[in-house]
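Quick note, the sequences are listed as chains A and B, same order.
Going by the working numbering, the first sequence opens with residue 50, and the numbers climb by one from there.
Going by the working numbering, the second sequence opens with residue 11, and the numbers climb by one from there.
This report refers to the structure that appears directly beneath it.
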Amino acid sequence: MVYLIALPLLSSAILLLLGRIADKWGHLLATLVSASAFGFGVQQFLQMHKQPGSNRAVTQKLFDWISVGTFKVDASLLLDQLSICFVLLITGVGTLIHIYSIAYMSHDKDRRRFFAFLNLFIAAMLLLVLGDSYLNLYVGWEGVGLASYLLIGFWNQNPVYAVAAKKAFVANRVGDLGLSLAIMISFAQFGTASFSGVAAGAPHASSAALTAIGAMLLLAAAGKSAQFPLQSWLGDAMAGPTPVSALIHAATMVTAGVYLITRSNFIFDASSTARMMVIAVGVITLLFGAIVGTAKDDIKKALAASTMSQIGYMILATGLGPVGYAFAILHLLTHGFFKAGMFLGAGSVMHGMDDEVNMRKYGGLAKVMPVTAITFGLGYLAILGVPPFAGFYSKDKIIETAFNSGGSKAIVIGGAALLGAGITAFYMTRVVVLTFAGARRWKSEAHPHESSFLMWAPMVVLAIGSVASGFLLSMGSALVNWLQPVVNASHVASGKELMKPMTVSVLALGVVVLGAGYAIIKYRAVAAEAPEKVSIFTRAARMDLGQDIVNDKVFVKPGFALTAGLVAVDYKVIDGAVRLVGWLINEISDVLRKIQNGYVRSYALMMLIGVFICVLILWMVTA
Amino acid sequence: MDISNYLYLSVILFTIGALGVLIRRNAIVIFMCIELMLNASNLALVTFSRINGNLDGQVASFFTMVVAACEVVVGLAIIVTIYRSRRSASVDDASLLKN
């Protein structure tokens, strides 16, 4: 199991250390390593599949990590039904994107460095999902943050991209703070941070502690998965090369938050307050992302907003309790296929259009890029939830679970999820219509063309996944049964159903048709320039609903003010005290120096006075 | 005659010597004033010896004389050297260590 992590890490180190020598074959080594990790993952999966449900989880101890008195932490790996899903997703999609990148990055002179970072990411992400304690997970968590930072800022010669990388890193740090606090609380509460230890202790812990851990874990998930209120970095993260956006900022890393919450199901099952917070974050983000997505003209930013919204669905599902976890993971996997596929499609379009990202300058590309258009279209149908594509099985399940979660809040949550599905249909149709349909709006010097085999082959594979994965994974509740031992879904109270699955599907399909139809009518013909006179809602969505303004006003400005204040205190109080001592001694010296005038008689006078004083004192003491 | 008159004389001589050291600039005169102070203290010592009826003060004054003799040798040598090199015996001029 350890080779799964060690190989990509080693290959990354080799590529970085060898430097230019490895330029010729670096990308091949990295792809090979990633593919072999996938092969290893498949073999592990088959082995696991043979075992009965209760024996499938395997733990492997690597070494004693921290051992101080009674305080002991092992570095060990845990491969169970949940982590194997992620291992296959990460290495599978990762390998496809490695292959795609060989062609996509072929003109970049730093291609070797790019592949080294990709391998580093694969290693860190695998460590994240394979760690058997929060502390091991934390190492991987930080590792993917680093890889994400390096890859967003891959073209750091452009200052805007470097700033975007920094923004992502800082926003992630806020979330990481939550994770480290959660680890500290669980150490204080349970004396351990291993998943099994915390799971064993959770039923006996106080609800306040569980809610605190849950809230901190949610903060961590919000940072990594670009959820409200830490969502602002994802749009700017599109500064990275498109394969990176597909792998890290759509399929894998940003779903780490969903993994974290699913993995911590024992915490969230025990604290309804924490679960309520998760639902709130999920609902807000899924609407937020969808609304932002409606106004973006940059194809990658529109897809990023969509990613944010879809992960909102997953977070919402994890907040719905035991029954939701499997659907969250199901949506995560299908989303991994269709969103990665669409990002690669966007990359293919950009590749053919000289890195133009503005959709208003596309139009009618279906004729010149048929493979891209078809694969993108399949992903589009999947995200819309049109039966029988993947999204139909995963998203409708989430909406249905939301409606049936019980109580009056179920109608609000379900309604929001349904509304989100409608908006999703609107903005995704907008992307497709603007890019592939309508009149040609590109300039005469652009020569869009279909991409090479290395680029469209991964897109085809992912498109097949977008079509079939939902059906395959939910056939006979395959994934639900598979994950059952991990997420403990057995004690689901099956209350009265508010809505039948059929009703939800019909409703969802209805809003999807409405959203898509409106988008087709509205964007059949558009100008190549974005209109200036737009409604206040469009303007708000174009500005990401003011997320940057709020961050700027609430955090950045006061942060700067605080720093300025501290600098002033440092300068005036601390440095001031030191300077005061110096000044005092200087002044005293100025006075004392006048005594040393070089005249012998003045020295003699001082001696005389001194002797006189001495005698006086002696006389007073003895008398 | 009251024996304390010797002490008054001694105080007067010492004061004259001290004032001379403080006021005069000529090294020779300052030197002579120092001798005057030494002798004033000798006079006081001898007087105390007389008052107490023992010889301690007398012995101390002999020591003072010896020290004064040594001092004269060294001091005069310095003064003569300064005069030779600077053509002046003013103590105010001999302030080369200042600055």
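Glycine included, each C-beta is placed from N, C-alpha and C at the ideal position.
Just so it is clear, the structure is predicted and the values come from calculations on it, not from any experiment.
Using a C-beta cut-off of 8 Å, the segment 340 to 347 of chain A makes contact with the segment 580 to 599 of chain A, since at least three inter-stretch Cβ pairs fall below that distance. With a 10 Å radius around the Cβ and a threshold of 16 neighbouring Cβ atoms, A/I54 comes out buried. A Cβ-Cβ distance of about 6 Å is found for the pair A/K410 and A/W491, placing them in contact under the 8 Å criterion.
For A/L111, the uninterrupted beta strand (DSSP E) segment begins and ends at V107 to V117. The continuous beta strand (DSSP E) containing A/V122 extends over residues F120 to L128.
In this structure, A/N221 lies away from A/Y187, with their beta-carbon atoms at least 9 Å apart. Taking 9 Å as the threshold, the shortest C-beta distance from B/R94 to chain A does not fall below it. With a cutoff of 9 Å on beta-carbon distance, A/L127 and A/A86 are scored as not near each other. Using a Cβ-Cβ cut-off of 7 Å, A/V649 is close to V101 of chain B, given in chain order. DSSP links A/D347 through a beta bridge to A/N407. At a cut-off of 9 Å between beta-carbon atoms, B/L23 makes no contact with chain A. At a C-beta separation below 7 Å, B/V69 has no neighbours in chain A, since its nearest C-beta there lies roughly 23 Å away. Per DSSP, reduced to three states, the secondary structure at A/S245 is helical. At a cut-off of 9 Å, the C-beta of B/V31 has a neighbouring C-beta in chain A. A/V561 and A/A474 do touch by the CB rule: their CB atoms are close to 4 Å apart, below 8 Å. Inclusion of A/D225 and A/G284 in the CB contact set at 9 Å is not warranted, their separation being larger than that value. Taking every protein chain shown into account, the CB of A/Y183 has 16 or more other CB atoms within 10 angstroms, so this residue is buried. Per DSSP, B/S14 has no beta bridge partner at all.
With 16 or more other Cβ atoms inside 10 Å of its own Cβ, A/Q359 counts as buried.
Taking a Cβ-Cβ threshold of 9 Å, the residues of chain B close to A/A653 are A28, V31, L32 and I40, in chain order.
With respect to the C-alpha of A/V482, the residue from A/F425, A/P534 and A/I513 having the closest C-alpha is A/F425. At a cut-off of 9 Å between beta carbons, A/L629 makes no contact with chain B.
Taken in chain order, the complete alpha helix (DSSP H) segments of 4 or more residues contained in the segment 224 to 295 of chain A are 244 to 250, 256 to 273, 282 to 285 and 291 to 295. Assignment of A/S638 by DSSP, reduced to helix, strand and coil, places it in the helix class.
The beta carbons of A/F166 and A/S61 sit closer together than 9 Å. Residue environment for A/K606: exposed (fewer than 16 other C-beta atoms within 10 angstroms of its C-beta). Annotated three-state conformation of B/N52 is helix, per DSSP.
In chain B, no part has a C-beta under 8 Å from the C-beta of A/L641; the shortest such distance is about 15 Å.
Here the C-alpha atom of B/A28 lies approximately 9 Å from the C-alpha atom of B/L46.
Using a Cβ-Cβ cut-off of 7 Å, A/L665 is close to nothing in chain B; its nearest Cβ partner there is about 16 Å away. Judged by pairs of C-beta atoms under 8 Å, the segment 520 to 539 of chain A touches the segment 362 to 380 of chain A, as three or more such pairs exist.
Not a single CB atom of chain B sits nearer than 9 Å to the CB of A/L615.
Within 10 angstroms of the beta-carbon of A/W668 lie fewer than 16 other beta-carbons, which makes it exposed. Counting the other CB atoms within 10 Å of its CB gives A/M655 a total below 16, which places it among the exposed residues.
Checking the DSSP bridge columns, you'll see B/S100 partnered with B/N36. Remark: three or more beta-carbon pairs, one from each stretch, lie closer than 8 Å, so the segment 374 to 394 of chain A and the segment 130 to 141 of chain A are flagged as touching.
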